[in-house]
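Chains as they are written, first to last, in our numbering: chain A, 6 to 473; chain B, 6 to 473.
Quick reminder that beta carbons are idealized off the backbone N, C-alpha and C, glycines included.
This structure is a prediction, so every number in the text was calculated from the model and none was measured.
(1) Taking only the alpha-carbon atoms, compute the straight-line gap between residue 159 of chain B and residue 312 of chain B and give it to the nearest angstrom.
(2) Cα-Cα, which of A/282, A/436, A/427 is closest to residue 418 of chain A?
(3) Between residue 60 of chain A and residue 156 of chain A, is the Cβ-Cβ spacing less than 8 angstroms?
(4) Does DSSP put residue 226 of chain B in a helix, in a strand, or in coil?
(5) Might you give, ordered along the chain, the residues of its own chain that have their beta carbon closer than 6 angstroms to the beta carbon of residue 421 of chain B, omitting 5 neighbours on each side?
(6) What does residue 134 of chain B reach in chain A if we use C-beta pairs closer than 9 angstroms?
(7) DSSP state of residue 165 of chain A, grouped into three classes?
(8) Please name the residues in the region 278 to 302 of chain B whose beta-carbon is closer than 8 angstroms to at least one beta-carbon of chain A, in chain order.
(9) Report all residues from its chain with a CB closer than 8 angstroms to the CB of residue 114 of chain A; omit the five preceding and five following residues, and keep chain order.
(10) Which residues does DSSP pair with residue 208 of chain B in a beta bridge?
(11) Out of B/143, B/214, B/331, B/188, which has the shortest C-alpha to C-alpha gap to residue 222 of chain B?
(12) Using a C-beta to C-beta distance shorter than 9 angstroms, which residues of chain A count as neighbours of residue 221 of chain B?
(13) Count the other C-beta atoms from every protein chain shown that fall within 10 angstroms of the C-beta of residue 220 of chain A, then say buried if there are 16 or more, exposed otherwise.
(14) Between which residues of its own chain and residue 359 of chain A is the CB-CB distance below 7 angstroms, once the five residues before and five after are set aside?
(15) In terms of alpha-carbon separation, which member of B/57, B/51, B/214 lies closest to residue 97 of chain B?
(16) Give a yes or no on whether the minimum CB-CB distance between residue 263 of chain A and chain B is below 8 angstroms.
(17) Taking the CB atoms as reference points, tell me whether residue 404 of chain A and residue 202 of chain A lie closer together than 8 angstroms.
(18) What did DSSP end up calling residue 6 of chain B once you bin it into helix, strand or coil?
(19) Anything in chain A within Cβ reach of residue 226 of chain B, meaning under 8 angstroms, just list it in chain order.
(20) Is residue 314 of chain A close to chain B, meaning its C-beta is less than 8 angstroms from at least one C-beta of that chain?
(21) CB-CB under 6 angstroms to residue 73 of chain B, same chain, minus the five flanking residues each way: which ones, in chain order?
(22) If you draw a straight line from the C-alpha of residue 339 of chain B to the C-alpha of residue 227 of chain A, how long is it?
(23) Given a cut-off of 8 angstroms on the beta-carbon distance, is the pair residue 393 of chain A and residue 148 of chain A in contact?
(24) Return helix, strand or coil for residue 203 of chain A, following the three-state DSSP convention.
(25) Please confirm if residue 213 of chain B has its CB atom under 8 angstroms from at least one CB of chain A.
(26) Would residue 321 of chain A count as contacting chain B if we go by Cβ distances under 8 angstroms?
(27) Can you tell me which of A/346, A/353, A/18 puts its alpha carbon nearest to the alpha carbon of residue 139 of chain A?
(28) Can you tell me whether residue 268 of chain A is buried or exposed, with buried defined as 16 or more other CB within 10 angstroms of its CB?
(29) Spatial neighbours of residue 6 of chain B within its chain, please: CB distance less than 6 angstroms, with the 5 preceding and 5 following residues excluded, ordered by chain position.
(30) Which one or two residues does DSSP pair with residue 78 of chain A in a beta bridge?
(31) Please list, in chain order, the chain B residues whose beta carbon lies closer than 8 angstroms to that of residue 325 of chain A.
(32) Can you give the Cα-Cα distance for residue 26 of chain A and residue 254 of chain A, rounded to whole angstroms?
(33) When we look at the beta-carbon of residue 353 of chain A and count the other beta-carbons within 10 Å, is it buried (16 or more) or exposed?
(34) Could you tell me the distance, in whole angstroms, from the CA atom of residue 263 of chain B to the CA atom of residue 341 of chain B?
(35) To the nearest angstrom, how far is it from the Cα of residue 438 of chain B to the Cα of residue 108 of chain A?
(36) Which runs of the beta strand (DSSP E), 3 residues or longer, sit entirely within the region 293 to 350 of chain A?
Right under this line is the structure:
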């Protein structure tokens with residue numbers, strides 16, 4: 006009796022399970038902490054290790070790409086079908102700092118399996134999720150009898166994600182020709198829960214600015230002058246107070262221009278997720294839900310643009326009191342953006358709005374940090390449908406759809422390469438990203454392998470992208 | 006030809022001018038800096054010196070009163086007219102810190118006369134203005150042929166004013182019986198300018214609070230949670246933004262309850278002062294006038310209650326950006342109060358208002374520092390009229406009226422003793438209080454002596470206070 010493709014994938018994975026875990030453990034033992042200069046040699050070692058492993062996996066091209074900071078790894082395995090889609094997998098091989106004394110039960114760089122979990126720094130974020138693609142592509146070949154993948158497969162695994170990806174955009178721009186793809190698969194996210202496999206369809210963008218307000222040329226006495234000259238701390242507060250209207254909407258004119266609204270289908274799919282708001286508030290360590298009127302909490306964090314005050318300061322903040330009118334105040338704002346918003350237009354709208362708020366006698370300066378664009382792939386995009394089907398086969402149940410409220414370098418790939426970004430991750434909220442005792446669920450890790458194995462066939466069968 | 010009272014006063018002062026300046030210089034050489042513990046013996050020496058000098062001047066009672074901090078000096082010289090008013094003069098014998106390297110042209114504790122100015126720490130604030138009363142009362146006796154003053158004269162010269170008068174209220178309460186007076190004359194203020202003698206008729210009071218706002222139990226990620234939970238920095242800003250209405254009025258309900266409004270006469274008198282708003286803005290180091298609609302700058306700083314933000318802080322204030330929703334924020338507010346406002350009622354109104362502003366999920370705590378009550382003496386009060394006439398005789402021109410925007414311990418005297426507070430000062434804005442090269446104008450110093458000499462006769466002639 007011949008095997009079904011699914012059972013062939015299963016059988017291959019089962020045979021290679023122990024070796025796969027040994028290899029992953031070897032990689033996790035390399036403390037590739039990009040934020041700590043003393044670990045720079047380890048980050049380089051991690052890149053070399055991965056490039057060698059990808060070569061051993063069968064990738065005909067596997068290179069370490071230097072940057073102004075830590076190196077990235079690039080690999081390529083062309084399909085024997087010239088018309089197949091080209092897919093670029095993104096992940097990162099650097100990890101967050103970790104030390105036993107932070108609260109780890111065991112050495113963070115000595116992987117250990119307890120029950121059905123593999124504990125180590127990087128187990129979920131992101132080495133485990135990069136590594137499942139290596140066994141995935143081998144299982145894909147074994148189950149299909151191919152000698153090359155059904156799609157043109159490329160991997161870009163950066164080495165500075167945990168340090169804010171300072172050189173990533175330049176790297177992508179430099180190698181845009183070789184990185185060209187019809188779709189980008191980001192494996193650096195998670196899914197809803199062990200029981201609810203989900204595919205993330207987009208991330209919010211981010212505009213950040215610091216607004217400095219200047220009043221008197223020095224702190225002045227509030228008894229002598231109070232009530233008769235403008236106070237920059239008051240102006241700063243009124244500026245922030247004017248940021249939202251009474252419905253929790255951002256009150257900057259033009260802010261919502263172009264926003265891609267949620268479809269009825271998306272809202273219905275979000276609403277089907279088993280969301281427990283009380284539990285979510287505990288995770289948020291917050292004591293109430295609050296936001297834009299007319300939207301649920303999930304809609305607010307995934308699909309609506311927002312404005313937040315990340316910091317405010319001015320005048321005397323020490324113990325007791327000091328009767329001054331402060332000379333200056335500062336406000337740090339960040340704006341999460343959703344698909345359809347133009348980063349530059351939002352920045353200009355914020356700057357114009359802020360300048361209009363400054364009362365006479367208050368000088369205002371606004372500086373924007375480099376921003377991040379939002380990304381979103383429509384539910385009916387063929388590549389997204391393939392990811393959902395592949396994941397559904399691996400998990401044996403239909404997948405649902407989420408979005409990500411944060412912002413990441415994926416948007417640079419979308420923008421520079423002009424390709425839709427899809428998110429394939431098997432991490433769950435309890436995995437403890439950036440926390441002590443980070444782990445990956447072994448069952449889910451192998452579902453990731455399985456998803457990867459199914460995905461390349463499904464994409465090739467169901468999608469013929471237009472020529473780039 | 007017999008002398009007029011004025012020429013007799015002049016003649017007496019002229020004869021004792023050199024000795025008076027020598028004595029004042031001796032006192033100024035004592036560095037009675039109350040804020041610096043190493044000068045505590047000097048502050049005690051200053052008190053002893055003054056008590057001895059008052060005894061030598063003729064005061065039958067001159068005592069050093071200990072406090073929990075630096076000592077005060079009390080002196081008493083009863084009138085031979087039992088029905089005469091009792092007047093308590095307030096001043097202080099401690100001084101601000103001063104060091105040559107702060108920018109002094111000469112040693113701050115080695116008095117020097119340059120041109121018509123006496124330079125030394127304390128020359129104007131406040132030893133010079135305390136000391137003019139000693140020659141004043143002698144000139145009063147000499148010109149009137151009396152052996153005791155026309156009024157029951159008391160002096161209370163504290164030793165901690167430059168350290169915030171921490172023990173003053175307790176001192177006044179302890180000695181309230183001996184300090185009992187029909188009027189308090191504060192000689193620790195100034196007048197409009199060399200050419201425009203003025204009497205100050207009141208000071209603003211002060212309520213101060215810190216409001217702490219608590220949101221999430223720790224800083225949380227603004228990508229994951231932004232837009233869906235309340236942000237305490239936003240709440241702090243909105244609180245401050247709600248502090249004033251669009252007319253620059255304080256928007257705390259009940260804040261203006263009981264406010265004694267300016268009379269038409271007071272407004273007309275203020276308007277007659279040679280006020281140069283551009284020059285005032287330079288002094289305020291500010292770039293626009295701004296305040297309660299319908300009031301002039303002088304009215305705003307002297308006669309209107311205000312609210313100011315002295316400090317605001319929350320979240321990330323360092324370089325660059327940090328995408329957090331901060332866990333907490335703090336606002337420091339101060340409210341200047343005018344006559345008719347009740348300190349306790351204002352504090353309660355502010356607390357209630359603040360609590361009502363807190364959105365769901367934000368916990369708010371309000372703490373008030375000890376406040377200061379406002380004081381104001383009506384223009385038609387007989388004692389105020391006497392001060393104005395005495396000063397007018399000394400300066401040879403009618404005096405005008407001002408108020409003081411700041412707040413001070415005078416209000417404790419008003420409240421504990423139940424007596425109106427009048428302000429008799431001859432310092433001018435250029436005297437450099439708390440600054441290097443502090444000075445007093447010698448001409449004005451002797452106008453102070455003259456005013457003091459005339460005042461006691463005028464008060465006794467024109468005012469028979471009701472029995473206390």
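Taking the geometry as given:
(1) Translated into positions along the second chain, residue 159 of chain B becomes position 154. Translated into positions along the second chain, residue 312 of chain B becomes position 307. One C-alpha to the other measures close to 36 angstroms.
(2) As a working mapping, residue 418 of chain A is identified with position 413 in the first chain. Taking only the C-alpha atoms, the option nearest residue 418 of chain A is A/427.
(3) Mapped onto the first chain, residue 60 of chain A falls at position 55. Mapped onto the first chain, residue 156 of chain A falls at position 151. Taking 8 angstroms as the cut-off, the Cβ atoms of residue 60 of chain A and residue 156 of chain A do not count as close.
(4) Residue numbering aside, residue 226 of chain B sits at position 221 when the second chain is read from its first letter. The answer is strand: DSSP assigns residue 226 of chain B an E or B state.
(5) Translated into the one-based positions of the second chain, residue 421 of chain B becomes position 416. Here the set comprises 177, 178, 181.
(6) Taking the first residue of the second chain as position 1, residue 134 of chain B is located at position 129. The premise fails here: residue 134 of chain B is roughly 18 angstroms from chain A at the closest Cβ pair, so nothing lies under 9 angstroms.
(7) By one-based count along the first chain, residue 165 of chain A stands at place 160. Here residue 165 of chain A sits in coil by DSSP.
(8) Of all residues in the region 278 to 302 of chain B, 286, 289, 290, 291, 292, 293, 294, 295, 296, 297, 302 have a Cβ within less than 8 angstroms of some Cβ in chain A.
(9) Position 109 of the first chain, counted from the start, is the residue given in the question as residue 114 of chain A. Here the set comprises 33, 34, 35, 36, 103, 125, 126.
(10) Working through the second chain from its first residue, we reach residue 208 of chain B at position 203. Answer is B/380, B/409, bridged to residue 208 of chain B.
(11) Taking the first residue of the second chain as position 1, residue 222 of chain B is located at position 217. In terms of CA proximity to residue 222 of chain B, B/331 leads the group B/143, B/214, B/331, B/188.
(12) Stepping through the second chain from its first residue, residue 221 of chain B is reached at position 216. Below the 9 angstroms Cβ cutoff, chain A contributes 289, 290, 291, 292 as neighbours of residue 221 of chain B, in chain order.
(13) Taking the first chain and counting its residues from 1, the one referred to as residue 220 of chain A is at position 215. Residue 220 of chain A should be labelled buried.
(14) Counting from 1 along the first chain, the entry for residue 359 of chain A is found at position 354. The beta carbon of residue 359 of chain A sits closer than 7 angstroms to the beta carbons of 216, 244, 369, 371 from its chain, once the five residues preceding and following it are set aside; these are given in chain order.
(15) Along the second chain, read from residue 1 onward, the residue named residue 97 of chain B stands at position 92. Among B/57, B/51, B/214, the Cα nearest to that of residue 97 of chain B is on B/51.
(16) Looking up residue 263 of chain A in the first chain gives position 258. No, its Cβ sits nowhere closer than 8 angstroms to a Cβ of chain B.
(17) Taking the first chain and counting its residues from 1, the one referred to as residue 404 of chain A is at position 399. Taking the first chain and counting its residues from 1, the one referred to as residue 202 of chain A is at position 197. Yes. Within cutoff.
(18) Position 1 of the second chain, counted from the start, is the residue given in the question as residue 6 of chain B. At residue 6 of chain B the pLDDT is 41, less than 50, meaning the model places this residue with poor confidence; the figure from the coordinates comes in the next sentence. In this structure, residue 6 of chain B counts as coil in the three-state DSSP scheme.
(19) Indexing the second chain from 1 puts residue 226 of chain B at position 221. Under the 8 angstroms cutoff, chain A gives 411.
(20) To locate residue 314 of chain A, count along the first chain from 1; it is residue 309. Output row for residue 314 of chain A: interface = yes.
(21) Along the second chain, read from residue 1 onward, the residue named residue 73 of chain B stands at position 68. These residues qualify, in order along the chain: 172.
(22) Taking the first residue of the second chain as 1, we reach residue 339 of chain B at position 334. Taking the first residue of the first chain as 1, we reach residue 227 of chain A at position 222. Cα to Cα, residue 339 of chain B sits roughly 8 angstroms from residue 227 of chain A.
(23) Your numbering for residue 393 of chain A matches position 388 in the first chain. Your numbering for residue 148 of chain A matches position 143 in the first chain. No, the pair does not count as a contact, with Cβ atoms beyond the cut-off.
(24) Sequence index remark: in the first chain, residue 203 of chain A carries index 198 (1-based). Reduced to three states, the DSSP call for residue 203 of chain A is strand.
(25) For the purposes of this step, residue 213 of chain B is taken as residue 208 along the second chain, with counting starting at 1. For residue 213 of chain B, the nearest beta carbon of chain A is closer than 8 angstroms to its own beta carbon.
(26) Sequence index remark: in the first chain, residue 321 of chain A carries index 316 (1-based). So, interface residue.
(27) The residue labelled residue 139 of chain A in the question sits at position 134 within the first chain. Per the Cα distances, A/18.
(28) Numbered from its first residue, the first chain carries residue 268 of chain A at position 263. Exposed.
(29) Position 1 of the second chain, counted from the first residue, corresponds to residue 6 of chain B. Unreliable placement is indicated for residue 6 of chain B, whose pLDDT of 41 sits below 50; the coordinate value is still reported in the next sentence. None.
(30) Here residue 78 of chain A refers to the residue found at position 73 when the first chain is read from its first residue. Residue 78 of chain A is bridged by DSSP to A/69, A/162.
(31) In the first chain, residue 325 of chain A corresponds to position 320, counting from 1. 374, listed in chain order.
(32) Sequence index remark: in the first chain, residue 26 of chain A carries index 21 (1-based). Sequence index remark: in the first chain, residue 254 of chain A carries index 249 (1-based). Using only the alpha carbons, I get a separation of about 48 angstroms.
(33) Numbered from its first residue, the first chain carries residue 353 of chain A at position 348. By the 10 Å Cβ count, residue 353 of chain A comes out exposed.
(34) For this step, residue 263 of chain B is matched to residue 258 along the second chain. For this step, residue 341 of chain B is matched to residue 336 along the second chain. Distance between the alpha carbons of residue 263 of chain B and residue 341 of chain B is about 14 angstroms.
(35) Against the second chain, residue 438 of chain B aligns to sequence position 433. Against the first chain, residue 108 of chain A aligns to sequence position 103. If I take the Cα positions, the gap works out to 57 angstroms.
(36) Runs of the beta strand (DSSP E) lying entirely within the region 293 to 350 of chain A and spanning at least 3 residues, in chain order: 311 to 320, 333 to 342.
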